[in-house]
Structures are given as structure tokens and as C-alpha cells.
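Asker:
Number of protein chains: 4
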Amino acid sequence: MSSVIGKNIRLSVFGESHGEAIGCVIDGLPSGIKLDMDFINAEMARRAPGRHKTSTPRKEADSPHILSGVLNGVTTGAPLAMMIENTNTKSGDYKDILTVPRPSHSDYPAYVKFGGNNDIRGGGHFSARLTAPLVFAGAIAKQILADKGITIGTHILQVGSVCDTPFDKIAVTADELTALSKKQFAVVDSAAEDKMCAEIEKYKKDLNSVGGIIECAAVGLEVGLGGNIFDTVEGRLSQILFGIPAVKGVQFGLGFGFAASGAKDVNDGYEIKDGKVALTSNNNGGVLGGMTNGAPLVLSVAIKPTPSIAAPQNSVNLQTMQNTTLEIKGRHDPCILPRAVPVVESAVALGILDIIME
Amino acid sequence: MSSVIGKNIRLSVFGESHGEAIGCVIDGLPSGIKLDMDFINAEMARRAPGRHKTSTPRKEADSPHILSGVLNGVTTGAPLAMMIENTNTKSGDYKDILTVPRPSHSDYPAYVKFGGNNDIRGGGHFSARLTAPLVFAGAIAKQILADKGITIGTHILQVGSVCDTPFDKIAVTADELTALSKKQFAVVDSAAEDKMCAEIEKYKKDLNSVGGIIECAAVGLEVGLGGNIFDTVEGRLSQILFGIPAVKGVQFGLGFGFAASGAKDVNDGYEIKDGKVALTSNNNGGVLGGMTNGAPLVLSVAIKPTPSIAAPQNSVNLQTMQNTTLEIKGRHDPCILPRAVPVVESAVALGILDIIME
Amino acid sequence: MSSVIGKNIRLSVFGESHGEAIGCVIDGLPSGIKLDMDFINAEMARRAPGRHKTSTPRKEADSPHILSGVLNGVTTGAPLAMMIENTNTKSGDYKDILTVPRPSHSDYPAYVKFGGNNDIRGGGHFSARLTAPLVFAGAIAKQILADKGITIGTHILQVGSVCDTPFDKIAVTADELTALSKKQFAVVDSAAEDKMCAEIEKYKKDLNSVGGIIECAAVGLEVGLGGNIFDTVEGRLSQILFGIPAVKGVQFGLGFGFAASGAKDVNDGYEIKDGKVALTSNNNGGVLGGMTNGAPLVLSVAIKPTPSIAAPQNSVNLQTMQNTTLEIKGRHDPCILPRAVPVVESAVALGILDIIME
Amino acid sequence: MSSVIGKNIRLSVFGESHGEAIGCVIDGLPSGIKLDMDFINAEMARRAPGRHKTSTPRKEADSPHILSGVLNGVTTGAPLAMMIENTNTKSGDYKDILTVPRPSHSDYPAYVKFGGNNDIRGGGHFSARLTAPLVFAGAIAKQILADKGITIGTHILQVGSVCDTPFDKIAVTADELTALSKKQFAVVDSAAEDKMCAEIEKYKKDLNSVGGIIECAAVGLEVGLGGNIFDTVEGRLSQILFGIPAVKGVQFGLGFGFAASGAKDVNDGYEIKDGKVALTSNNNGGVLGGMTNGAPLVLSVAIKPTPSIAAPQNSVNLQTMQNTTLEIKGRHDPCILPRAVPVVESAVALGILDIIME
């Protein structure tokens, strides 16, 4: 059971959806970083609900409150603790008992694992709300990476049956990536936005939700980052990415597209360009032998449809051990992809920062 | 740079393809395990080359030699060190200089990372030969897991355009999984073997190689294994799986198939079955909130085509910094999937053992 | 740079002496523990200043505020975050510049390490105030250990030239240890208290401070805890103990007393007692080969005199690079031993809990 | 149970005293280090038995055999595996049963921990013979540190009632430290050698053994190494040092000598010297707040008398559960200090290397 990650930058995430506060401690940050709070808050806003018409109108106060590790806006080198108060919690002393686990949520295995002691209100510690501290830490990571010439950008590659234009894996630029982070609905091809919104609306009307794929790229990475067998860029990033609720797959470059390919078509050759070694294609997504190879790092993650839907679902009553039907109340995002974009980006930023600090 | 993995069972892998020996140290094994050396050797043989007509006829002596941690065939609780001598190494003192990196291999980033000091003969420490110690460790893990009622099985799901029947994610049984490990060419549908072999032969004749997908399942896992945010079953297994050369994607359950799905169709409901909570479907591949949910664990990994092909490829001469063309000599597997099956299975076994030892 | 410790129970400590808050995140706690808040608060009070006549009359509000991981007083299995607000901080935006480092404090190396960005007010993150979260975590650990029949007790063995009666290493009992934790001034021999207080008073009048030794014992430990070469009970406890400011030595059993001893006199023999294997003496302090041997665990730590004294001391001005003399203002403990007792005990409790959770 | 240590340089030690081989894997070494095998072998010889008249005349072949990670004498950046064959093992298949545990050895707790499965021949994995791989790794660490201007030296400070001249903590030089490593019997004051040898002889004649203290110093360390609360230089070195059999205490600077001291006498002041900040004394042993402060790092460790003595001792028969008397046969070192000197030095070297590689 661990909500701690990282070797050089250790992120410890805490909190429950309806507890008093959520937050994190970031241990190992370099001293002397002047935090760009406007940027951090803008990043937090990218993840916050209610920003786009496809999102639930719930309002969460995701204002990060720094408790330590920063003096006059500059990191001190001591652990940076941050807290976000949960303003929507009720003060009453009560204990919900899990009776009917929501399908495809953590409810049931958490109930078994924690003997029924876990906080189930809103998903507790397993709530997607816990990605807010990850975005906070990721914003700081992105700021540090930017100073080193590394830029990360992310877009919605697919929602249901609608696809955006994928990154040009070998030619994607820092400018394109930066532009994406300023879009409310991050797609490369503006025309994709309307189509995706229509797709989401279709599922929503059907009391349904829809999954998708998020693609992320980073440029400016040195050759040779990452490393030996169990220290691969892929493995280290995956461990963080799978910490994001709803992520069910991670692939680099062509990923599963390699299955139907021949080496002749997908091997990435080399050429001398401007006096330097360059790749002629980037099907490997910028990673070879677990190490960066100088081409853009390109990865994508599969996001499952939000499991909370209003339609009736088959479940069981854990107290009576009878079959039952569950209808989940409340407003839920019919598609989590738009809000997951900065979360995936933050996970990648944090992982890269940890790797380059070797 | 690390070839060490695991929290409770720490596996440290060493060796180079053409060095004196490869091997591993397994630290944290329980004492009192009577090793089934016949089983271990059979597992090593599954990975060894030259066993199937699609494989290269090269012959490697993959005989594991245990140096410590075992007394009269029983684990002592001390670190288990194992060594496989490389019989094909030449004794002469020489130093190859990397001049022309092989496309899509680790050659170029390793050259940059290690300043040209890394052993490049046969890929050195990055060679797929280094998966032999992983299979050795995985065989021990599988033996321990079997004693706990956990069975793991693996098959080739796809090679190029040919697909095998996927596992029935909710109904797959231990018997089916065990049967697979005894097949020389691990497919569920026997008819798939000939088609896949024909596909491989087609690529081989074209001086090409082909990728594919390997699917792995484990049954008998308790509910609630794995855990909180950064301690997910998915993340922990991925970090080991991406340590296997050529793995470019990892997905659980439907994985990337979730992208075009609605929750109504893919949410996994519950029912009471034989007085116990059971799932009615298993699109999540047995993992929810990072924890096992009692359904079979089902995952698949994307394997890229062996990058070593005889056809001429674009590369560069790192000494002269000129473009050049590379033709890779020697016999290479036109498809690594058949031999990768036990490697993927071992990675999963090792990861599960580490998780259940919490 | 890390304020994170532990393999199974991970404690992440944050905060600065004059920052907004100090606190910790405890990751890996079992679920279902009903926290005894009266006990926790009593433990916090043992460490708080101003409780005993030898201590500075400063008043700190050391009231732990739990942010997550506890629901209705019971641990949920999610990370437990705790915060103590620093009530004495000023709101103004300012930045102290370290000009004259205090001798024998962390000031100078921290200044170099953090490039002058560290918070120097009151020692910042290096302040002994940061032991408050350790005592909080230790109190929880002690509660869990008590449920497993493990009792820990601690006393001041020496202050300056005055010594208390050491623990009878082989015969010390849980009752004796428990009794110690209820004493305001923890000594075995009540007569030692007055003598130690007189000794402290003597140093205080001389604008000086004095060091000492704290001895800690734990009973009820199973045989065989801890382990192989780098996983020794001694090593794991030492890493936490040296995290306590002013600790400069750690020894087990006779420790440095072994130097002038012969094996004939100090080897610990065995005998059958009540049908069980028992030790006839305990010079090894309950640890052999890095593992507990069934005898009480007995260790002691050397505590240096509080470096903050009012007498003038030689230092340098880091801005002008001139020699100077420093007189430290304010009230400081002339002897930190009384308050360090629960801190040492907490470190040991936390270490033992981490070890038994293997 | 772990024989793995280190964050940046991971050392995994394996083997049993009478097994086939002992050795280690060093993961994380920089590439491009031309190993000085003469130096490494000389270091191994310092630890080997039979070199000095006080040592047992047993002969062990401690010839390190490098299996991987080195090509043409230069490190490749891949894990360095090393093996030392145990030439004195018998080939027969047998299983000793522990009947009478040797007092003050690991025998009894290991028997309980490993359920009687551990290899007890010669202490198995807990044998002091396992320090040979530590010395091997330490020799490489010392070579790397020397290139960075860091020198480590060690001497026997005390044996029984005989003391050597302690290091001048503030003024000790690299030359003095280097000179020590060339002495067969490492003492600062040559006159101490004869006295110590006489002391050892006295114990030996009495079928007894004697303990002592080893002091180690390192010069050339930058200011600010090590760090925050749980990442102290003291804690990190202690965890390795307590991995050496017979070490029962670790102290820095005055260590336990601080107990009877006042801050006025032991605080280390500052002065400007040659335009730089310097310490006027070094009672803290070069560490403040867990970080190096620019003064020499000075520590000492307590070594207990070799528990293997020929005199009869009280023990129990674990099979019959009766009291019995044990007489240990064979030749054993009456004092392990001379051979422990390079082991302590290696542990410190390895720890420092791990710290400076942050």
C-alpha cells in the first residue's frame, strides 16, 4: 500500500475525496526555484471540473496551500508540503458502510483490502480528486524542465470513435506542444473538438460515458536518459501513469501498432543532420533500450469510460449478499479525457524530472 | 542505471551477451522452498533459441548454475546467486568500437550514455539474452505461486495479421493456462500455429521480421492485492515488463480497446455466485483501483519486430559522422514472440510474487 | 536530500521551525487501528518544552491536526497526514540572510548545500522542532506494537558526570519500561533526578549546556526479526536515530564497552528456561547477526550538548568573510536529554514497526 | 531479509562461508573507470587471514573473479558481478542440523528465522567471510573517490586495554591516512603495535578473544554532502557499518564522549583561513545536521570480541532441548580488529560514494 513514488523526487500523496484535505509532500526538490504560482494555478485550473461544457458543473476549490519548503516564493530544498482543503465536507461524525459496490470502481477490492475501514465517501483515497496534488507537483516539475529546455504537451487523441490528428512523432515541436497546454479542449486539429464534444454529448444523453486515448510528447530531452533493464524510461513513467485512475494501458511510439508491422517499415534509421546524429523516423517514440534516443518522447495512454453512470447496473449488496441493481446519483463527467490531459502531462513531467535528476 | 527490481523480492540481473557470464541474485526469497530443478530447466528451455522451426538455429547453453542460497536443493533464505556461463565468448583481449549503430537497437543511446565504454558485442547488457536470468527467477516465482494456488499462463495473441483466440477474460481456468506452458508454440487455437508460422516465414523470406502481441493471465489471486495510488498492480508489473527488450506497450483487460467503448458495455458488474461476490464480466482484466478484484488478471504486451534484419538499413558512421548503409549479418529470429512467451510470463510471476509478499 | 524513511511504513516529515506548519505523512499504516488520541497527545506533551524545570519556558502549541487517513478515529489504510500549525510565525514577507553561522549547528553546511535558499529561522527544517512529527508517528507505532505485546521504555542514562542505573539488560520488564514513560523526568533511580537537575543547573548558570546518554529497551520481540547483512536491526534503527538532531552515537548492548572485554566475559550463553531457549546474559543487547534473539533489545544513544549557548563563541561573517564573535540570544534548553527521551523512544518504535511488518 | 544496500550504487552481496562461491553485484557504477586490479587485490589481501601473526593461519583464496560489467579492464556501466570461489568446500551432499548454537553468534536467531533451512556451515551467509565482497566493492569505491580528491584511512584505536593515538580530528591529512593503508597492522603510533599484539596474545593464551575500536577518517569531502532528516551521513554510513559482523556501536566525532561534555568545550567554532571558512575544532567529526561541514569525517566503531573461543561455554541442544556445554574447535582469530580495518574502511568508502553520487 503506497502513495509514494520516485527515487530522486519523492512524491507522497495524501487525502480522501470527502476528508478534510488532500495534498502532497514533495521531497528532494532542488533549492532556489522561484515558483511560478500563476502557472501552477493555471495548471490546477486545467484539471478542475466545470471548465468546459462537457464537464460536470460541480465546483471544487482546488487552491493549493503551501505549508513548507518555500520561503518568499523560492524553494528552500526542504520538503515542500501542500494542502488543498476539501470545502464540501460535512462536519458530522458518521461512518458510511459500503453496501453496494459501484461496478468498475475500486469500491469492492478496497472494501476487502481494508476490512471495510476505508473512507468510501466519493471514492476516498482512490478518488480521481487525488490527481490534483499530482498536477500541482507536475506543474513544478514542468517549470524546472522548461528551464532545462524540455517541453511537454498533451492532447486528446481519441474519444469513442472520433480521432484527433496524432503527433508527427519525429517532427513535433516545442511550440506545438506549448500551444496545446493553453487550449481548454486540447486537440491538435481544431475540427476534432466539435466532433468529440458531439460524441461525448451522445453518450451523455444515453446515461452513458465514453473512453479514449491521450497522447503526450516531450521534446528537448538529452540522449541516454533512463537506463538499464529495470530502469527504463518506459517502466518508470508507467508506474506513475498507472497511478492515474482509469488508465488501463500505456504504449510508447507505435506501441500496439507494432504488432502488425515489419521491421523494414518501422525500424528507425539514422542520418547526419546539421552535423549531428538524428533519427529518420520515430516509431519507437524516442526510447530505445529503455533510454531516450534524442527523438521526441511520444507515448499514449488508454482511458476507460468513467464507470459512474446513471443507468442501472448489476451489483450486489455486501451486507445481505443478494444481487441488486445500482443507480448512481449525482452528476458525473460523461468523459474524463479533457480533465485527464493535464494529469497525464503532470505524471510524465514528474517522471522525467525524476529520471534526469540521476 | 539499474538492473535491480522489486521491493520484497529483489532481483539483480548482471551480464553481457558475449561476456563471461550472465546471471542474477535473488534477494528476499523465503527459506525452505525445495526447488524443482526439472521445472526450472524446462522453463529455461522454453526461452532458449533453436527449439522451434521459426527460431534461429543458434545454440546457447542456458544451464543455470546456482552459486549460493540453496543447500541440498532447498532455499536457505540467503540471497540466491545464479550464473550462466557464456560458452561462445572468445578469450582474446579486444575492444570493439561502435561505428554504425543498428537502427531501433539500444546501440546509439547506450553509446552516448556510457561514453563508448559499454560492451557492444551482441548488444552487451542490453541483449535479449539477459532475459534468461529473468526466466530463471520467474520459474522459482511460479513454483512458489503454484503452492499458493496461483497459476499463470501465456500465449501469442497476434503475429503480424494473424490472431489467436483471446483468453475468455472472466472464465479462463488454471487448466487452460497450465496446458499452454507445455506447448512449444503457445497458442489457444491450435489452428493459429500454422497460420502464424506461415506469417513469420513470409516476413523471413523478405529479409524482414514481424511484431505481435502476447497475452498473459493469472488465476487464483486473492482480492485486494496491490494497492494505493503508486503501488498499483498495473504499475508494478509494467516496470518489470518494460524491462523486456522489444516490449513497447502494456495494457490490462480491454486496455486500448476501452477507447471506443461506453461504460454501459464495458463496466464489470457483480453478482452473488456460490455464496460469494463474483464479477459478471472482466473488461478491467482483474484490476480495479490498482488492486486485484478476484477475476482473472489479464494483460497483454506489444512486442515490436526484431530490429535485426538482413535488409540494408540507413544508419550513420559515428566515427566519420557520415551517412551509411548497414546490413546486419548472422541469423536472427524473424519473430521473437514464441521465445518471448515465457519471458513475459516470468515477469508477471515475479511481479505477483513481490506483490503478495507485502 | 530526504526526509522520508521506512520500507513498509514510510514516514515523510515536512516543515520548518518558523514556517506555517510542520507535520508528516505516514504511508503504509494498517487499516482498522482505533487511534488512542489521549495517548498520542500525552506523548506529544512528553516532548513539548516547558514541562520540566530544566526546560526552557517557551510554549509551543504541539497539537496534532489529522488531515487524512483516519475516519471516525480509525485508520483507513490510506496515508495519514498530520499537521501542527506554527502559531509563532510572523506573516511578513522577509528573507533572513545567514551572516554568522552558529557553531555546531547545521547552519553552515545547510547554507552551502542549499545555496543560501534554506529557511534559517530557528534552524528551519533542521530544527529539533521537527522531532514533533516523529513523536506523533512513534506514538501510533507504540500503540500498534503494544497490541502485539511489545513494550518500549527509555530513560536518561547519563547527564554530564551523573549516571542513572542502567537497565538490567537480561531482566528488564515491560512494567518497568511502562512506568518510565509516565515519569516527567525519566530515570530508573529516582535519586538520579535531583543529581541530574543539579548538574544541568550548574551548566546553565555557566551559560553552558551539557550532553548525555539515553538508553532505550524493548521487550516482547519475537526471535529472528531483522535480517541479512544490510538489513540488520542495528542498521535500520540507526538510520532513524541519527535523524534526531544532536545524536552522535548509537550502540547496542555493551556497545563501545565491548572494546575492553574478552569473549569469555561477554559472550551470551543459552539455557533452557520454562521449556524454552533463553539467554543467560544479554551483552549483545538482544541482537545477533542483525536479528533479534529473544532477549530485550537494549540500545543507547549519545546526545551532544545543545549547541545554542549564551556564551560568546568564535564564528565568521559569511558576507564579509571576517572572523567574528557570536552571542546567541533567547532561552535554550541547557540540556536536551529530558525532552529527547520520547523522541528516541519514538524512533525505536517506528523502526521496530517497520521491521516487524516485513 | 536483505543483503542489498545503497541508493545510487547498489551492492548486492551473496554467498555462504562453505558454499560454492561468495560474491557481489555492484549496480550503478559509472562507466569508463579503469579498474586498478593491483590495488583491488592488495585491498583483498589486507582482509585475508593469515597475514599477521595475530591472525589464524587458515588460508582462503580470496581472488576476485569478475564476471560482467568490465571490458578490457574498464567499467562498462553495466552491473559489475564478482565471484570468489570457495575452494575449501566439500562436494558431498549433506545437511548439517544445528544442534548447539554458538553463543553470541547468529546461529540461534537464524535457525528460528529460516526454520532450520539456513546453511550453518561456518556461519553460512552470516559468516565474516562475506565481508570479502564488501572489501572488493570498497576498493573500487576508494579508487573512484581518490580521483575526486577524497582519501580514507583507518586504524585500530583500541584493543582491550591498549590504545593507539587517536586521529587529530581537525588536522589529520591525506598522507597520514594513505600511509595507514600500507601498514600490515594499522596503528598511528608504531609502539602501539607491539602492545596490542601482546594484549591479543594474552587473550589467545587464555582461550579467549578480545574486542576493540576502529577509527576511520576521510578528508577531501565537499561541504554539504548528505542531508535532510533521514538522509544523514551518519545514518547512511551506519546502515552499512552495522552490516559488518561484530560491529556493535558507531559514533561520529566525540560520539559517546559528548555525554560528559559542555558545549563551551566541544562546540566547533569557525574562522577564516586562507580566505575560506574553516572549523577551529572538529568534535562533531565533520558532520553537522547530517551534512559534511568541510572538516575531516571522523567516526569510530565498536567491535566485539570474536565469539568463537575454545573455552567451554553454556549452550543448549536444540533437538533435545537440554542444557549443554559447547567447545568450539578449529583455529579462530583471537582478535578480529586487524582484519576488520579494511572492512570498515570499505564500508565508509562505499557509503561516501553513494552519497556523493546524488
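These protein sequence lines are chains A, B, C and D, in that order.
Using our numbering, the letters of the first sequence map in sequence onto residues 40 to 397.
Using our numbering, the letters of the second sequence map in sequence onto residues 40 to 397.
Using our numbering, the letters of the third sequence map in sequence onto residues 40 to 397.
Using our numbering, the letters of the fourth sequence map in sequence onto residues 40 to 397.
The beta-carbon is built from N, C-alpha and C at its ideal position, and this holds for glycine as well.
Report the three-state DSSP secondary structure of residue 130 of chain D (helix, strand or coil).
Answerer: Any reading at residue 130 of chain D must be qualified, since the residue scores a pLDDT of 47, below 50, and its modelled position is unreliable; no value is offered.
Asker: If we cut at 7 Å on Cβ distances, does residue 312 of chain B have a partner in chain A?
Answerer: In terms of beta-carbon proximity, residue 312 of chain B stays away from the interface with chain A, with every pair separated by 7 Å or more.
Asker: Taking the alpha-carbon positions, what's the residue 83 of chain A to residue 295 of chain B distance?
Answerer: 27 Å
Asker: If you draw a straight line from the C-alpha of residue 60 of chain D to the C-alpha of residue 53 of chain D, how long is it?
Answerer: 8 Å
Asker: Indicate whether at least one CB of chain A lies closer than 7 Å to the CB of residue 197 of chain B.
Answerer: yes
Asker: State yes or no: is the C-beta of residue 460 of chain A within less than 7 Å of the C-beta of residue 286 of chain A?
Answerer: Outside the displayed span of chain A (40 to 397) sits residue 460 of chain A, for which this structure offers no information.
Asker: List the residues of chain C whose Cβ lies closer than 7 Å to the Cβ of residue 248 of chain D, in chain order.
Answerer: 301, 302
Asker: Please give me, in chain order, every unbroken run of the beta strand (DSSP E) with length at least 3 that falls completely inside the region 305 to 376 of chain B.
Answerer: 309 to 312, 315 to 318, 336 to 342, 352 to 356, 361 to 365
Asker: Within the chosen definition, does the region 211 to 230 of chain B reach the region 253 to 264 of chain B through at least 3 CB pairs nearer than 8 Å?
Answerer: Between the region 211 to 230 of chain B and the region 253 to 264 of chain B there are three or more inter-stretch CB-CB distances shorter than 8 Å, so the stretches are counted as touching.
Asker: Does the CB of residue 130 of chain C have a neighbour CB from chain A at under 7 Å?
Answerer: For residue 130 of chain C, the predicted structure reports a pLDDT of 47, less than 50, and the residue's modelled location is therefore unreliable. The matter cannot be settled from this model.
Asker: Using DSSP's beta-bridge definition, name the partner residues of residue 114 of chain C.
Answerer: C:109
Asker: Strictly below 7 Å CB to CB, what residues from chain D border residue 185 of chain A?
Answerer: Ordered by position in chain D, no residue passes the 7 Å Cβ test against residue 185 of chain A, which lies about 23 Å from the chain.
Asker: Out of curiosity, what's the CA-to-CA distance linking residue 376 of chain C and residue 280 of chain C?
Answerer: 14 Å
Asker: Kindly say whether residue 232 of chain C, judged by its beta-carbon, lies nearer than 7 Å to any beta-carbon of chain A.
Answerer: no
Asker: Using DSSP bridges, identify the partner residues of residue 120 of chain B.
Answerer: Its beta-bridge partners are B:64, B:107.
Asker: Going by other Cβ atoms of all chains shown within 10 Å of its Cβ, with 16 needed for buried, is residue 304 of chain B buried or exposed?
Answerer: Counting every other CB atom within 10 Å of its CB across the protein chains shown gives residue 304 of chain B a total below 16, marking it as exposed.
Asker: Using only the alpha-carbon positions, how far apart do residue 157 of chain A and residue 109 of chain C sit?
Answerer: Across the structure, residue 157 of chain A and residue 109 of chain C are spaced so that their CA atoms are roughly 9 Å apart.
Asker: Along the region 160 to 179 of chain A, what residues have a CB closer than 9 Å to any CB found in chain D?
Answerer: none
Asker: By alpha-carbon positions, which one of C:290, C:125, C:192 ends up nearest to residue 218 of chain C?
Answerer: C:192
Asker: What residues match up with residue 194 of chain C in a beta bridge as DSSP calls it?
Answerer: C:254
Asker: For a contact meaning CB atoms closer than 9 Å, what does residue 152 of chain C contact in chain A?
Answerer: 70, 116
Asker: Fully enclosed by the region 243 to 291 of chain C, which alpha helix (DSSP H) runs are 4 residues long or longer?
Answerer: 272 to 280
Asker: Tell me whether residue 331 of chain B is buried or exposed, calling it buried when 16 or more other Cβ atoms sit within 10 Å of its Cβ.
Answerer: buried
Asker: Does DSSP put residue 35 of chain C in a helix, a strand or coil?
Answerer: Summary: the structure shown does not reach residue 35 of chain C, with chain C confined to residues 40 through 397, and so no result is reported for it.
Asker: Taking Cβ-Cβ distances shorter than 8 Å, what residues in chain C pair up with residue 144 of chain D?
Answerer: 327, 328
Asker: Would the region 68 to 85 of chain D count as touching the region 372 to 386 of chain D if we require 3 or more Cβ pairs under 8 Å?
Answerer: yes
Asker: Check each residue of the region 258 to 277 of chain C: if its Cβ is closer than 8 Å to any Cβ of chain B, include it; give the result in chain order.
Answerer: Listed by position, the residues of the region 258 to 277 of chain C near chain B (Cβ gap below 8 Å) are 267.
Asker: Could you give the DSSP three-state label for residue 73 of chain B: helix, strand or coil?
Answerer: strand
Asker: Straight-line CA distance for residue 185 of chain D to residue 164 of chain D?
Answerer: The alpha-carbon of residue 185 of chain D is positioned some 31 Å away from that of residue 164 of chain D.
Asker: Are the C-beta of residue 282 of chain D and some C-beta of chain C separated by less than 7 Å?
Answerer: yes
Asker: Are residue 250 of chain D and residue 388 of chain C close, meaning C-beta to C-beta below 7 Å?
Answerer: No, the Cβ-Cβ distance between residue 250 of chain D and residue 388 of chain C is not below 7 Å.
Asker: Where does the unbroken alpha helix (DSSP H) through residue 215 of chain C begin, and where does it stop?
Answerer: 213 to 219
Asker: Please name the residue in A:208, A:136, A:112, A:229 whose C-alpha comes closest to that of residue 73 of chain A.
Answerer: A:112
Asker: Run down chain D in chain order and give the residues with a C-beta less than 9 Å from the C-beta of residue 54 of chain B.
Answerer: 106, 107, 108, 117, 118, 120
Asker: Could you round the C-beta distance between residue 122 of chain D and residue 104 of chain D to whole angstroms and report it? I think they count as a contact, below 8 Å.
Answerer: Sure, about 5 Å apart at Cβ, within 8 Å.
Asker: Whose Cβ in chain C lies nearer than 9 Å to the Cβ of residue 360 of chain D?
Answerer: 311, 314, 315, 316
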